[in-house]
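Those letters in the sequence shown? Residues 1 to 958, by full-length UniProt numbering.
Note that the Cβ used here is the ideal one computed from N, Cα and C, for glycine as well.
Report on one structure; see the data block that follows.
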Amino acid sequence: MDDERRTDRGGARPSGPDPSHPGAPPPRPDRGVPPGPPPNGRPARGGPPPGHPPSRPPQDPPPGSRPGPPHGRAAQGPHGQPPYGQGGPGRGGPSRPPGPDEDGLPSGWRAVPPSQNPTHGHGPVDAPTVSTGAAAGPVGSAAATRRGAVGTVTPPDGGGPTRDGHLLTHEVAPGRGASATRAMAPTSTGGSSRAAMAAGGLSGTAVAPVPTRPGGGGDDPPGNGRRPAPEEPEPDPRRSRWRRIRRVAYVLVGLLLLGPVLAFAVGWIFFRVPSPDDAANNQVATISYANGSSLASLVPEQGNRIKVPIAQVPLHVQQAVLSAEDRSFYSNLGFDPVGITRAVWNQATGGVGGGSTITQQYVKVVLVGDEYSLWRKYREVVIAAKISQEQSKEEILENYLNSIYFGRGAYGIQAASQAYYGRDVSQLTVSEGAVLAGLIQAPSRWDPAVDRSMSEQRWNFVLDGMVSQNWLPAAERRAQTFPTTIPPQPRRSGIPDNDRGHIVSAVRAELNSYGITEQQVNQEGLQVTTTIDPSLQDEAVESVERQLRGQPQNLRTSLVSVDPRTGAILAYYGGEDGSGFDYAQARRQPGSSFKPFVLLAGLERNPPIGLGTTFDGSSPQTIAGTEVENNEGESCPNCDLRTAMTQSINTVFYQLGVQVGPQSVADAAHQAGVSAELPNPSGGIALGDREVRPGDMASAYATFAADGVYHRPHLVSRVTTLDGRVLYDAGVPAGEQRMTQQVARNVTESMLQVADHSGIALSGGRPVGAKTGTVQSSVDGQNNDAWMVGFTPSISTAVWVGTDDNTPIKNGDGRPIYGRGVPGQIWQGFMNDALSGDPVEQFSDFRPIGTPPQTTPTAPPEQPGCVEGQPCPPQNPEEGGDEYGDDPYYGGDPYYGGDGGGYFGGDQGGGDGGGEGGGGDGAAGSGGFGGGGGGLGGGGGSDSDSGGDSSGSDGTDG
Numbered sequence: 001m002d003d004e005r006r007t008d009r010g011g012a013r014p015s016g017p018d019p020s021h022p023g024a025p026p027p028r029p030d031r032g033v034p035p036g037p038p039p040n041g042r043p044a045r046g047g048p049p050p051g052h053p054p055s056r057p058p059q060d061p062p063p064g065s066r067p068g069p070p071h072g073r074a075a076q077g078p079h080g081q082p083p084y085g086q087g088g089p090g091r092g093g094p095s096r097p098p099g100p101d102e103d104g105l106p107s108g109w110r111a112v113p114p115s116q117n118p119t120h121g122h123g124p125v126d127a128p129t130v131s132t133g134a135a136a137g138p139v140g141s142a143a144a145t146r147r148g149a150v151g152t153v154t155p156p157d158g159g160g161p162t163r164d165g166h167l168l169t170h171e172v173a174p175g176r177g178a179s180a181t182r183a184m185a186p187t188s189t190g191g192s193s194r195a196a197m198a199a200g201g202l203s204g205t206a207v208a209p210v211p212t213r214p215g216g217g218g219d220d221p222p223g224n225g226r227r228p229a230p231e232e233p234e235p236d237p238r239r240s241r242w243r244r245i246r247r248v249a250y251v252l253v254g255l256l257l258l259g260p261v262l263a264f265a266v267g268w269i270f271f272r273v274p275s276p277d278d279a280a281n282n283q284v285a286t287i288s289y290a291n292g293s294s295l296a297s298l299v300p301e302q303g304n305r306i307k308v309p310i311a312q313v314p315l316h317v318q319q320a321v322l323s324a325e326d327r328s329f330y331s332n333l334g335f336d337p338v339g340i341t342r343a344v345w346n347q348a349t350g351g352v353g354g355g356s357t358i359t360q361q362y363v364k365v366v367l368v369g370d371e372y373s374l375w376r377k378y379r380e381v382v383i384a385a386k387i388s389q390e391q392s393k394e395e396i397l398e399n400y401l402n403s404i405y406f407g408r409g410a411y412g413i414q415a416a417s418q419a420y421y422g423r424d425v426s427q428l429t430v431s432e433g434a435v436l437a438g439l440i441q442a443p444s445r446w447d448p449a450v451d452r453s454m455s456e457q458r459w460n461f462v463l464d465g466m467v468s469q470n471w472l473p474a475a476e477r478r479a480q481t482f483p484t485t486i487p488p489q490p491r492r493s494g495i496p497d498n499d500r501g502h503i504v505s506a507v508r509a510e511l512n513s514y515g516i517t518e519q520q521v522n523q524e525g526l527q528v529t530t531t532i533d534p535s536l537q538d539e540a541v542e543s544v545e546r547q548l549r550g551q552p553q554n555l556r557t558s559l560v561s562v563d564p565r566t567g568a569i570l571a572y573y574g575g576e577d578g579s580g581f582d583y584a585q586a587r588r589q590p591g592s593s594f595k596p597f598v599l600l601a602g603l604e605r606n607p608p609i610g611l612g613t614t615f616d617g618s619s620p621q622t623i624a625g626t627e628v629e630n631n632e633g634e635s636c637p638n639c640d641l642r643t644a645m646t647q648s649i650n651t652v653f654y655q656l657g658v659q660v661g662p663q664s665v666a667d668a669a670h671q672a673g674v675s676a677e678l679p680n681p682s683g684g685i686a687l688g689d690r691e692v693r694p695g696d697m698a699s700a701y702a703t704f705a706a707d708g709v710y711h712r713p714h715l716v717s718r719v720t721t722l723d724g725r726v727l728y729d730a731g732v733p734a735g736e737q738r739m740t741q742q743v744a745r746n747v748t749e750s751m752l753q754v755a756d757h758s759g760i761a762l763s764g765g766r767p768v769g770a771k772t773g774t775v776q777s778s779v780d781g782q783n784n785d786a787w788m789v790g791f792t793p794s795i796s797t798a799v800w801v802g803t804d805d806n807t808p809i810k811n812g813d814g815r816p817i818y819g820r821g822v823p824g825q826i827w828q829g830f831m832n833d834a835l836s837g838d839p840v841e842q843f844s845d846f847r848p849i850g851t852p853p854q855t856t857p858t859a860p861p862e863q864p865g866c867v868e869g870q871p872c873p874p875q876n877p878e879e880g881g882d883e884y885g886d887d888p889y890y891g892g893d894p895y896y897g898g899d900g901g902g903y904f905g906g907d908q909g910g911g912d913g914g915g916e917g918g919g920g921d922g923a924a925g926s927g928g929f930g931g932g933g934g935g936l937g938g939g940g941g942s943d944s945d946s947g948g949d950s951s952g953s954d955g956t957d958g
């Protein structure tokens, strides 16, 4: 276009024919003279009548315009290109000259139907055109249209511009440098476009088709001067794909906009509004044994739910609850869109929490439950909105305050006021109301009696919110002090008052660790299946009662038994009073029963310290600045680790603990399964001076039984709601390989002779890994705690015996109790009953690590009245049984006896003891109080553990 305009306006073209256009009409010699009449005597269409001047006189080029080319040279465009309309070099080579084509028209001509003629019947078209100026001689003026328009041309012979009613047009096949969308007649040398337009109107008349310029050389065959018909573009697959995506997106957006509206409408129709009485329903939780039989039913005390009208609740208490839970209560529609969005996002991303108004909380408590899901949230929102339309805000708040759980078994604000402050809600102060309001989200955990710090944080949050809402003056806020609550009162609430009560309490604590709240347990009618085997539980109780019969009333005991293959707790005994303290959760020092973890740390060192590694086991010794001695001066000068474990040689394990490091011992205990913290370990940890729970010991020993695979101990196997929804399912846990099979088996190997050596072997010759432990006070040297822990491949059991106030533990005759005594006998009786009828199980193959043990430990001397694999009768201390032999003073080892060994020991032990203690000679020992049976008590007491080891609170075994 720029080239065209510069050519038309830039000056005169050279006279004479253009050598590149043979046969082209010569230019007019007189610039600007109108063309003469056509041969037929008629003026050109759109032009002036003959003899009339053009409508606009010719004009000289404006000042500053580019001059035309010199006379005799062809006009050129920029960079030597031919002017617009003369063609340019093309890829097809020289175009062929005009000639007749297939339809009989001259080459370059085509017929246009009248309906497509832009001027047909309409006169001049109001569209910009570019005229070629006036043609010389008999040539009429031709007009060329811009991009997309078609000029009207007459044949060279002077015939009309139409043929059979069709307008004849000419197309120019463009070369490489010409526009493919324009068809222009060659411009005259003697007039501007404007003059030609004035003279010829919109369309002039030409006598010949527009000549084409030969194209340059190229690879394609020569062109024929025609413009090829436009091809249909290939569809772009990417555009089609994106078009489909956009359509799907439009549909999804529509569903997102309309879906919630439709869902809300459907819910509005079908969901019912709860009544206040619904809050008292669905509150009975059932706890069952592993076989499905009922263990307990939890029914909250109905007397602890007291309804009061809203008028009896002080305004400041109402405002405190609103400050804690829903500050926009009186202005919202029953639900919070922002909170709902947050809840949906958390559900989609795996987070927790959301936003619930008081109305939504009320719906959740009395109707839809506490399950965290989008379905529950949807029901909650719809019903909350419906309630807001059917009930007043005061009615909703009253129902909420009478339904919500505040902890301590209190449902409703009135029961909560009595449970925490011992008076009616109408008498609550501002501070007291703020405490209760702060409890609602987590009443059991934020009870001031449980966590005062967190309770105070919530109390401050509530009061500050009341100030921000202008419900409490700032000055009055500053005057508030945190109020003191009354101590929690015992409540039964369906919990059994026998040993099963501790199981129920432990189950509820475990449910809380799974995110199942106490409120859900109390209000949703959960069905909880435990791992407790009812027959094993009965056997545990019977074994405890049998061994404690006739013992001092201050003795306390606990028993926890675990399945090493799954971690399921099979039996759980925390005491006979289900409402009292749970001794299975008590943290006490384990004494020598902690020694296997010292060995574990040694086996995992590089290089490992194997069972055959020997130490100086003489006593006493000063080790790393601490004086350590074995019980009653027991000595084992060249003692390997397996022998030291069997005889519980304190000096050997203290040396090993120092060698591996106290922290390595603590880490090994945690690795095996001890969950209790073991802070700041020192050398005494090798002798068990850090506190653990019975469940820790049963679980850690179970890891040894399972060849190093740890299974988390658990009481709950499955939790479902009344409508069948599964809230928790333990399934079959895969376990975690905490140590290699070889390491675990080496630890087990070191403990295989302990039960036999202590006189508490299991019936049927069952292989069993075991260890006893006795803890002595660092103040008076008295025994305070006694343990027995042992396992087979299918069951691991820990037993503890002690007192409430850490006073010395003694039997009915006033003698000290050791690990192999009362706790060992409880363990032996329970294990024999639990495994009765089961096949004898063997441990996996033993492959020693490091230095292997040199010899097999010698079995204790045969004792009168014993049958191999059977308990050694009698076990009554009055008959000189185990309890006497357990005490070095009254029996001790048959070779070492004790001061009183001659009186109460056996034949050989009695003789030695009698000689040393002056209790009589061997004959007196044989015929003494114990007689032959006394020898049973004396047998095997070769060290503190067999006679009862003693790990004092200062870390030194006695």
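Best match in the options for proximity to residue i [C-alpha to C-alpha]
i    : options                : result
Q854 : T643, Q753, Q537, S778 : T643
F335 : V381, D326, V313, L641 : V381
L463 : N638, A249, T803, R327 : R327
G617 : V365, G684, S297, M645 : M645
G515 : T286, G812, Y728       : Y728
V732 : Y250, R738, R712, F581 : R712
N332 : Y289, V366, S392       : S392
G684 : N399, A676, Y400, V658 : V658
DSSP state of residue i mapped onto helix, strand, coil
i    : result
Y411 : strand
V674 : coil
V801 : strand
D464 : helix
I404 : coil
W787 : strand
F597 : helix
S717 : strand
E545 : helix
V658 : helix
P309 : coil
E819 : Per the sequence presented here, residue 819 reads as Gly, with Glu not at that position. Correct three-state label for G819: coil.
V450 : coil
L472 : coil
P637 : strand
I809 : coil
Cβ shell of residue i (< 6 Å), same chain only, five flanking positions each side left out
i    : result
V674 : V692, D696, A700
D563 : L570
A761 : A755
Q547 : V822, Q825, I826
G602 : I609, L656, V660
G633 : S619
Spatial neighbours of residue i in its chain, beta-carbon cut-off 7 Å, leaving aside the 5 residues before and after
i           : result
S293        : P534
residue 988 : The structure shown does not extend to residue 988, since the chain is modelled only from 1 to 958, so the question has no answer here.
residue 965 : Given that the chain is displayed from residue 1 to residue 958, the structure contains no residue 965 and the question cannot be resolved.
A676        : R587, E691, V692, R693, D696
Sequence-distant residues of the same chain with beta carbon closer than 8 Å to residue i, five excluded per side
i    : result
P681 : P662, Q663, V665, A666, R690
Does the segment 418-434 come into contact with the segment 474-489, if we say contact requires no fewer than three beta-carbon pairs (one atom in each stretch) closer than 8 Å? yes
Do the segment 441-448 and the segment 402-413 make contact, defined as three or more Cβ pairs closer than 8 Å? yes
Is the segment 833-840 touching the segment 586-595 in the sense that three or more CB pairs, one from each, lie closer than 8 Å? no
As an exercise, report each continuous beta strand (DSSP E) stretch of at least 3 residues that is fully enclosed by the segment 722-769, in chain order. 726-729
Could you tell me whether the segment 466-474 touches the segment 541-556, where touching means 3 or more Cβ pairs closer than 8 Å? no
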